[in-house]
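**Student:** Dumping the structure here so I can ask a few things about it.
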Amino acid sequence: MSENQNLLAEQRRTLILDEVRRRGGVRVNELTRRLKVSDMTVRRDLDALARQGVLEKVHGGAVPVSGASTHEPGFEAKSSLELGAKEEIARAAAAMVAPGSAIALSGGTTTYALARHLSEVPELTVVTNSVRVADVLHAARGADGGTGNDAGGGGRAGAATVVLTGGVRTPSDSLVGPVADAAIRSLHFDVLFLGVHGISVEAGLSTPNLAEAETNRRLVRSARRVVVVADHTKWGTVGLSSFASLEEVDTLVTDSGMPEATRTEIGDLLPGLELVVAGGGTGDAEGAR
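Next comes the structure, spelled out in structure tokens:
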């Protein structure tokens with residue numbers, strides 16, 4: 001863990017959360033020594049992370065959230081985590097999108113970051129079950145004076161046509177359930193960009209939300225190519241319901257925080273999976289089979 005006393009609050013909290021997940025718990029006095037900050041600063045960081053629902057405070061420290069397999073943090077809580085990593089991933093994933101293609105974006109904060117990078121790709125058709133993703137793309141469509149509210153809205157020439165599924169809204173602002181499933185069932189995408197709650201070799205892709213799991217299964221079945229966008233903290237996390245195996249994934253785009261040993265493990269166990277590591281905040285990516 002870094003000992004730079006000038007770390008920003010977001011960076012400190014990311015390091016604290018990584019340590020909690022890696023070790024299964026941390027003590028306040030350990031964090032003050034390693035981060036070279038005051039006891040009060042550490043306690044404020046733990047309070048903030050506890051409010052986001054990503055760890056649980058205990059006497060003298062913190063532990064991972066209880067019942068993590070069923071806990072679903074809200075969009076705002078997740079959006080404040082791993083911001084740099086999500087931007088790395090979003091830039092690398094956006095470079096994979098060809099003009100004129102039909103793509104799908106699932107719900108999630110990483111796909112939300114990706115949506116912000118798609119405004120310069122012309123003539124896209126984007127199907128999404130994410131209210132947040134749809135809002136970003138509609139705003140981009142209307143940025144040059146158009147309404148941005150429908151396919152015929154007269155927005156910026158070449159801007160994406162956005163298809164938002166119906167459904168029941170989840171804490172992460174995704175639309176799921178029978179209405180969403182029925183809409184997706186009849187569609188076909190060139191590429192699906194899929195955000196996940198957790199990813200592992202054994203459990204594959206998983207989520208705490210049973211209805212979201214079924215909607216994600218529909219998205220996977222409708223896609224010619226499946227690209228998972230997941231920061232390094234998602235590796236090893238397992239939600240209540242699995243909805244796809246890693247063998248169903250064509251490409252995993254992750255960030256440079258993924259340990260080299262884990263990358264090697266993925267390559268050894270899943271030789272058919274393309275691993276793209278977005279590197280160093282430069283927007284470049286390196287691929288490995």
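Just so you know, the sequence shown maps onto residues 1 to 289 in UniProt numbering. We put the beta carbon where it would ideally sit given N, CA and C, even for glycine. Here the structure is a predicted model, which is why all the values come from computation and not from measurement.
#1: With 16 other CB atoms within 10 Å as the buried threshold, where does D45 fall?
#2: What do you get for R141, buried or exposed, if any count of 16 or more other CB atoms within 10 angstroms of its CB means buried?
#3: How is D250 classed by DSSP in three states: helix, strand or coil?
#4: DSSP state of K57, grouped into three classes?
#5: Given R218, which residues of its chain have a CB within under 8 Å of its CB, disregarding the five upstream and five downstream residues?
#6: Can you grab the Cα-Cα spacing for the pair S101 / K36, in whole Å?
#7: State the Cα-Cα distance for the pair E123 and V54, rounded to the nearest angstrom.
#8: To the nearest angstrom, how far is the alpha carbon of G198 from that of D250?
#9: Going by C-alpha to C-alpha distance, which of V20, N29 and T32 sits closest to A50?
#10: Can you grab the Cα-Cα spacing for the pair G127 / V133, in whole Å?
#11: Is the Cβ-Cβ distance between A206 and G107 less than 8 Å?
#12: When you compare only the Cα positions, how much space is there between H188 and D268?
#13: Rounded to a whole number of angstroms, what is the C-alpha to C-alpha distance between V58 and D47?
#14: Sort out for me which residues DSSP pairs R169 with in a bridge.
#15: From the DSSP output, which residues share a beta bridge with T161?
#16: Here's the rule I'm using: 16 or more other beta-carbon atoms within 10 Å means buried, otherwise exposed. How should G166 be labelled?
#17: Indicate, with yes or no, if the ligand ATP has a heavy atom lying under 7 Å from the CB of T128.
#18: Using only the alpha-carbon positions, how far apart do N29 and E10 sit?
**Tutor:** Considering the structure as presented:
#1: buried
#2: buried
#3: Under the three-state reduction of DSSP, D250 is assigned to coil, being neither helix nor strand.
#4: Here K57 sits in strand by DSSP.
#5: A180, D181, I184 and R185
#6: 50 Å
#7: 38 Å
#8: 17 Å
#9: When each option's Cα is compared against that of A50, the closest is V20.
#10: According to the sequence provided, residue 127 is Val. The question's Gly does not apply to it. Approximately 10 Å between the Cα atoms of the pair.
#11: It should be noted that the sequence gives Ser, not Ala, for residue 206. No, Cβ-Cβ distance for S206 and G107 is not below 8 Å.
#12: 31 Å
#13: 11 Å
#14: L175
#15: T125
#16: Exposed is the call here.
#17: With respect to the ligand ATP, the structure shown offers nothing to examine, as it has no ligands at all.
#18: Rounded to whole angstroms, N29 and E10 show a C-alpha spacing of 20 Å.
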